[in-house]
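S.K.: Note that my numbering has the sequence shown beginning at 367, numbered continuously upward.
Glycine included, C-beta positions come from ideal geometry on N, C-alpha and C.
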Amino acid sequence: MTDPLLIVAALNGLRSRAECPKVPLTADELAAEARRAAEAGAGIVHVHARKPDGGP
367 MTDPLLIVAA LNGLRSRAEC PKVPLTADEL AAEARRAAEA GAGIVHVHAR
417 KPDGGP
């Protein structure tokens, strides 16, 4: 019997575009990355909500 496995995808953390140019920040970007993570096997997607200006 194998142990259960749960994959968690943390999509953006507190990184800015200056620190990580490809970090998903907008709702559309986060949705696209969440879909990709789920298709790759993630069971949970963790995101940090942002203000409209992109700040935490």
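(1) Do HIS414 and LEU380 have their C-beta atoms within less than 8 Å of each other?
(2) Is ALA376 helix, strand or coil by DSSP?
(3) Taking all protein chains shown into account, do 16 or more other C-beta atoms lie within 10 angstroms of the C-beta of ALA406, making it buried, or fewer, making it exposed?
(4) Tell me where the beta strand (DSSP E) around VAL413 begins and ends.
M.R.: Looking at the atomic coordinates:
(1) yes
(2) strand
(3) exposed
(4) No beta strand (DSSP E) contains VAL413, which DSSP labels as neither H nor E.
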